[in-house]
Amino acid sequence: MGRQPCCDKLGVKKGPWTAEEDKKLINFILTNGQCCWRAVPKLAGLLRCGKSCRLRWTNYLRPDLKRGLLNDAEEQLVIDLHARLGNRWSKIAARLPGRTDNEIKNHWNTHIKKKLIKMGIDPVTHEPLHKQASQGSSPPTNLPQSEDQQFELPESDDRIGKEENLSPQENCSSSELSFVDNSSNDDPLMNCLLGENVSSLIDASWKFPSAEDDYNNVVGSTWEESCAWLLDYQEFGFEEFGLGCMESMGPMDWSDKH
DNA sequence: AAACATTGCAACCGCTCTAAT
DNA sequence: CATTAGAGCGGTTGCAATGTT
Numbered sequence: 027m028g029r030q031p032c033c034d035k036l037g038v039k040k041g042p043w044t045a046e047e048d049k050k051l052i053n054f055i056l057t058n059g060q061c062c063w064r065a066v067p068k069l070a071g072l073l074r075c076g077k078s079c080r081l082r083w084t085n086y087l088r089p090d091l092k093r094g095l096l097n098d099a100e101e102q103l104v105i106d107l108h109a110r111l112g113n114r115w116s117k118i119a120a121r122l123p124g125r126t127d128n129e130i131k132n133h134w135n136t137h138i139k140k141k142l143i144k145m146g147i148d149p150v151t152h153e154p155l156h157k158q159a160s161q162g163s164s165p166p167t168n169l170p171q172s173e174d175q176q177f178e179l180p181e182s183d184d185r186i187g188k189e190e191n192l193s194p195q196e197n198c199s200s201s202e203l204s205f206v207d208n209s210s211n212d213d214p215l216m217n218c219l220l221g222e223n224v225s226s227l228i229d230a231s232w233k234f235p236s237a238e239d240d241y242n243n244v245v246g247s248t249w250e251e252s253c254a255w256l257l258d259y260q261e262f263g264f265e266e267f268g269l270g271c272m273e274s275m276g277p278m279d280w281s282d283k284h
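Numbering (this note's numbering), first residue to last: 27 to 284.
Structure, rendered in structure tokens:
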């Protein structure tokens with residue numbers, strides 16, 4: 027078909043974002059909301075590709091982002107979700123409030139992967155490495171026992187989209203909740219992890235809120251916790267971003283945060 | 001202290017998906 | 001139904017920070 031590039035490559039800036047660019051983007055999004063990303067750079071006065079703007083916003087500037095390393099409960103959740111969903115980082119991220127797919131993906135590749143290998147577990151298949159070696163070349167495709175089978179949902183890929191329409195309880199009723207109860211018996215990874223007395227963490231992380239609730243109730247228990255990002259801006263220089271306009275966003279008294 | 005190796009993360013690239021026409 | 005364009009996703013890369021020799 028020959029698609030147009032997402033942006034005119036000429037004159038488009040690449041590489042790390044400057045504070046000034048961040049400020050422009052934040053101001054624009056907070057004033058106008060997220061609209062057509064292609065138009066954002068032009069309207070916001072940025073020499074960036076719209077795609078780059080979207081990425082910067084969703085991965086770094088979004089107000090609801092949590093910052094810092096994943097805690098144990100979050101990490102545990104990522105491991106189990108990965109065992110069930112594979113490298114569907116956005117789906118995994120959807121279960122972790124304030125975390126981005128990119129962040130989780132990075133954390134997986136840099137921390138969790140190594141940890142699992144160290145524990146003798148294949149991070150791809152979540153099977154014991156020695157078992158795989160003895161079995162010869164069991165391809166990664168046998169992974170999550172084909173997650174379709176695991177979820178036992180009728181339509182293979184439609185599920186992915188529909189999944190989010192379910193309340194977390196509904197969504198994980200057959201697989202995730204049972205995981206807490208008994209499935210760990212069969213899962214070498216979970217056996218290994220549970221052996222390290224992480225059940226309390228699991229309990230915390232697997233109490234999914236209802237669809238009406240925000241996931242903030244699970245990991246970031248308070249609104250303020252989930253908005254720890256704001257504190258980061260304080261370090262960065264709150265005024266730098268001209269965030270006064272955010273006072274109009276919600277019930278929070280932004281000036282108090284300053 | 002310098003050189004080199006490793007790590008971790010932000011950002012980019014290219015592809016797929018989806019909605020609009 | 002075919003085509004197009006925009007958005008989103010996952011894999012990969014580049015590079016600064018950190019550790020090691």
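We put the CB at the ideal spot given by N, CA and C, even for glycine. Source: prediction; values computed, not measured.
- Taking the Cα positions, residue 37 is about 33 Å away from residue 119.
- Around the beta carbon of residue 93, a 10 Å sphere encloses fewer than 16 other beta carbons of the protein chains shown; the residue is thus reported as exposed.
- Residue pairing by DSSP leaves residue 118 without any beta bridge partner.
- Straight-line measurement puts the Cα of residue 81 at about 22 Å from the Cα of residue 108.
- In the displayed model, residue 67 falls within a helix according to three-state DSSP.
- Counting along the chain, residue 79 sits inside the alpha helix (DSSP H) bounded by residues 76-82.
- Put simply, the backbone Cα of residue 75 is about 12 Å away from that of residue 43.
- Sequence-distant Cβ neighbours of residue 67 in its own chain, meaning closer than 6 Å and more than five residues away, are 74, 76 and 79.
- Beta-bridge partners of residue 154 (DSSP): 147.
- Secondary structure at residue 125: coil, using DSSP grouped into helix, strand and coil.
- Per the C-alpha coordinates, the member of 115, 147 and 52 positioned closest to residue 90 is 52.
- The Cβ atoms of residue 143 and residue 104 do not sit closer than 8 Å to each other.
- Linking residue 95 to residue 87 through their CA atoms gives a straight-line distance of about 17 Å.
- In the structure shown, residue 104 adopts helical secondary structure according to DSSP, grouped into three states.
- Between residue 47 and residue 72, the beta carbon gap of about 6 Å places them in contact (Cβ cut-off 8 Å).
- Scanning its chain for C-beta atoms nearer than 6 Å, with the 5 sequence neighbours on each side dropped, one finds around residue 64 the residues 76, in chain order.
- Exclusion of the five residues before and after residue 117 leaves 111 as the residues of its chain whose Cβ lies within less than 6 Å of its Cβ.
- When the Cα atoms are used, residue 50 and residue 122 turn out to be separated by approximately 28 Å.
- For residue 52, the enclosing alpha helix (DSSP H) stretches over residues 45-58.
- For residue 113, the secondary structure class from DSSP, reduced to helix, strand or coil, is coil.
- In the structure shown, the three-state DSSP call for residue 98 is helix.
- Shortest Cα-Cα distance from residue 85 to any of 97, 61, 124 and 106 involves 124.
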